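Here the sequence shown is numbered in our numbering, starting from 15 and rising by one per residue.
Glycine included, every Cβ here is placed at the ideal spot set by N, Cα and C.
In this text the structure is predicted, and so the values were computed from the model without any measurement.
I have placed the structure first, in the form of structure tokens, so that the comments after it can refer back to it.
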Amino acid sequence: MGKVVVMDHPLIKHKLTFIRDKNTGSKEFRELVKEVAMLMAYEVTRELPLEEIEIETPVAKTKSQIISGKKLGIIPILRAGLGMVEGMLNLLPAAKVGHIGLYRDPETLEPVEYYCKLPTDVEERELIVLDPMLATGGSATAAINFLKDRGANNIKLMCLIAAPEGIEAVQKAHPDVDIYVAAVDEKLNDHAYIVPGLGDAGDRLFGTK
Ligand code: PRP
Ligand code: URA
Numbered sequence: 015m016g017k018v019v020v021m022d023h024p025l026i027k028h029k030l031t032f033i034r035d036k037n038t039g040s041k042e043f044r045e046l047v048k049e050v051a052m053l054m055a056y057e058v059t060r061e062l063p064l065e066e067i068e069i070e071t072p073v074a075k076t077k078s079q080i081i082s083g084k085k086l087g088i089i090p091i092l093r094a095g096l097g098m099v100e101g102m103l104n105l106l107p108a109a110k111v112g113h114i115g116l117y118r119d120p121e122t123l124e125p126v127e128y129y130c131k132l133p134t135d136v137e138e139r140e141l142i143v144l145d146p147m148l149a150t151g152g153s154a155t156a157a158i159n160f161l162k163d164r165g166a167n168n169i170k171l172m173c174l175i176a177a178p179e180g181i182e183a184v185q186k187a188h189p190d191v192d193i194y195v196a197a198v199d200e201k202l203n204d205h206a207y208i209v210p211g212l213g214d215a216g217d218r219l220f221g222t223k
């Protein structure tokens, strides 16, 4: 079973409080989501392999470590996952970005695909799927299915807020995928919104309703 890592660092908790607050406007919301994604990137990349190279400091020759040739891919689930891309790229500028467009049908709550553009060598990359919200888990499960159908086999999922139901659904469908979240909330409401959550992440990021 993949692990679930809850990143409860004080900085993340602090920023998440203002992300949740309904009085936070889109400009600040976007900024905070970017910052939390950047902080989470630190933990989600913790196990990247290193290699030793020889360099010369101004004082002496030495051996020092760099991230070894591992290719990374960042896969935001549209729309709301877009809000996390810049923060990740700030720390991982060489990563390629693939996009999967999904929306949750408000009636059936099933994810509907409308866009998919991935790096051509997706099967060789370590992929980090981004979505602020893991509610029923339907969207994340579908996105990971697309990636696996195209040969990907090294996938992590990174979300800001998860419901227990979403974590369980992804773990059941994809036991090989590690899940990184900033918070696990209490439950889903009757409309499958996370409680207390932050509301509709896409609408809050982009000022729609
Ligand atoms: C939201 C969110 C996730 C999904 C989570 O997207 O960003 O993708 O819902 O719900 P689930 O775990 O029950 O599938 P939404 O469908 O509202 O689309 P949007 O990002 O375009 O607003
Ligand atoms: N999608 C959101 O944007 N928020 C939720 O709480 C659930 C799904």
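Check: Hey, would you say I175 sits closer than 9 Å to P146, going by beta carbons?
Finding: The residue labelled residue 175 in the question sits at position 161 within the sequence shown. The residue labelled residue 146 in the question sits at position 132 within the sequence shown. In contact: I175 and P146 (Cβ atoms closer than 9 Å).
Item checked: Neighbourhood of G95 by C-beta, 6 Å cutoff - its chain only, sequence neighbours within 5 removed -> Numbered from 1 along the sequence shown, position 81 holds the residue referred to as residue 95. For G95, where only same-chain residues beyond five positions count, the Cβ hits under 6 Å are L144 and D145.
Note to self: Does I88 pass the burial test, meaning 16 or more other C-beta atoms within 10 Å, or should it be called exposed?
What the structure shows: As a working note, residue 88 is residue 74 in the sequence shown. With 16 or more other Cβ atoms within 10 Å, it is buried.
Notebook entry, point to check: Start and end of the alpha helix (DSSP H) containing V47?
Noted result: Position 33 of the sequence shown holds residue 47. Per DSSP, V47 belongs to the alpha helix (DSSP H) from S40 to V58.
Next item on the list: Give a single yes or no on whether M21 has its beta carbon closer than 8 Å to a heavy atom of the ligand URA.
Entry: Translated into the one-based positions of the sequence shown, residue 21 becomes position 7. No, the beta carbon of M21 sits no closer than 8 Å to any heavy atom of the ligand URA.
Checklist line | Which residues DSSP lists as bridging T76, in chain order | finding: Here residue 76 refers to the residue found at position 62 when the sequence shown is read from its first residue. In the DSSP output, where bridge partners are listed per residue, T76 has I69.
Next item on the list: Flag this pair as yes or no: are the beta carbons of D217 and I208 separated by less than 9 Å?
Entry: Mapped onto the sequence shown, residue 217 falls at position 203. Mapped onto the sequence shown, residue 208 falls at position 194. No. Outside cutoff.
Check: Quick one: is the Cβ of I208 within less than 8 Å of any heavy atom of the ligand URA?
Finding: By one-based count along the sequence shown, residue 208 stands at place 194. Correct: I208 has its Cβ closer than 8 Å to the ligand URA.
Next item on the list: Output yes or no for whether 9 Å exceeds the beta carbon distance between V50 and G83.
Entry: By one-based count along the sequence shown, residue 50 stands at place 36. By one-based count along the sequence shown, residue 83 stands at place 69. At the C-beta level, V50 and G83 stay beyond 9 Å of one another.
Check: Which full runs of the beta strand (DSSP E) of 3+ residues lie inside the region 120–173, going along the chain?
Finding: 125–131 and 140–144
Check: Under the three-state reduction of DSSP, which class applies to V184: helix, strand or coil?
Finding: Locating residue 184 in the sequence shown gives position 170, counting from the first residue. Residue state, collapsed to three classes: helix.
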